[in-house]
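Take a look at the structure below.
See the structure below:
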């Protein structure tokens, strides 16, 4: 099939946009009102103690119908396994090089584990039709909204948290932040450059029709289980 050459039209559109651009750069917006308000909490001054954020994070996450399970640093694989067993999950998808290793292998011993180590097209039918759960690590958590921040990459693609009916996310309490600005500042400061892909997850997948009837699992996982690992006694997040 021969497609029309649109390079001329694109050049004309881009040229018109460039010609209409302001001669001088616009001043940067003042973000102080937002950062000083309730939604910017924790973005300025000393970091809010993550120990004080565990309870509000759990309450917010539960309000969105996520389940929060508590674990310590040695026991979290057992908690993950219990969450899978309670739901009868035997076929689990994980990343090709999950940051949760080696504990994740312990949690999944004896189950059918499918690693995301091949192009999606090669096992798409299995992922959509046979896999019971996807397990990922969480980069951070936002206490005000009960939101998870995931940082998908080739080792742990975002499909793991979007397709299987159950999403199990492992979040360390040392990575809890009060609001989105504080969490984003922490996530980006730990990277050499801005991540190209961040995923915000607030509860399981949900949608509502025109009659405002809420349905879960229409566009992603029907259930979200957060395993919150209390590592505060041995680990501190960089300021």
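In UniProt numbering, the protein residues as written are 1 to 239.
Ideal Cβ positions, reconstructed from N, Cα and C, are used throughout, including at glycine.
Problem set entry | Straight-line Cα distance separating residue 34 from residue 93 | 39 Å
Exercise. Can you give, in chain order, each stretch of the beta strand (DSSP E) that sits fully within the stretch 101-188 and has at least 3 residues?
Worked result: 112-116, 133-137, 140-142, 147-150, 166-172
Exercise. Which residues does DSSP pair with residue 226 in a beta bridge?
Worked result: 68, 169
Exercise. Relative to the C-alpha of residue 204, which residue among 126, 73, 66 is closest?
Worked result: 66
For this session: Mark residue 156 as exposed unless 16 or more other C-beta atoms lie within 10 angstroms of its C-beta, in which case mark it buried.
Result: buried
Exercise. Taking one C-beta from the stretch 55-71 and one from the stretch 143-152 each time, how about it: are there three or more such pairs within less than 8 Å?
Worked result: yes
Problem set entry | Closest by C-alpha distance to residue 128, when choosing among 106, 164, 78 | 164
Exercise. Around the Cβ of residue 239, are there at least 16 other Cβ atoms within 10 angstroms (buried) or fewer (exposed)?
Worked result: In this predicted model, residue 239 has a pLDDT of only 39, less than 50, meaning its place in the structure is not dependable; the value taken from the coordinates is given anyway. It is exposed - the Cβ of residue 239 has fewer than 16 other Cβ atoms within 10 Å.
Exercise. Which word fits residue 167, buried or exposed, when buried means at least 16 other C-beta atoms lie within 10 angstroms of its C-beta?
Worked result: buried
Problem set entry | Three-way DSSP call (helix, strand, coil) for residue 3 in this model | coil
Exercise. Based on the DSSP secondary-structure assignment, which residues constitute the bridge partners of residue 199?
Worked result: 150
Exercise. Would you say residue 160 and residue 134 are within 8 Å of each other, going by their C-beta atoms?
Worked result: yes
Problem set entry | Alpha-carbon to alpha-carbon, residue 18 and residue 227 | 49 Å
Exercise. Any idea what DSSP makes of residue 80, helix, strand or coil?
Worked result: helix
Problem set entry | residue 208, enclosing beta strand (DSSP E) - first and last residue | 206-208
Exercise. When you compare only the Cα positions, how much space is there between residue 185 and residue 175?
Worked result: 12 Å
Exercise. What are the residues that DSSP puts in a beta bridge with residue 93?
Worked result: 114, 134
Exercise. For residue 99, which of 111, 170, 37, 126 has the nearest alpha-carbon?
Worked result: 170
Problem set entry | Rounded straight-line distance, which links the Cα of residue 4 to that of residue 217 | 41 Å
Exercise. Do residue 206 and residue 199 come within 8 Å of each other at the CB atom, strictly closer than that value?
Worked result: no
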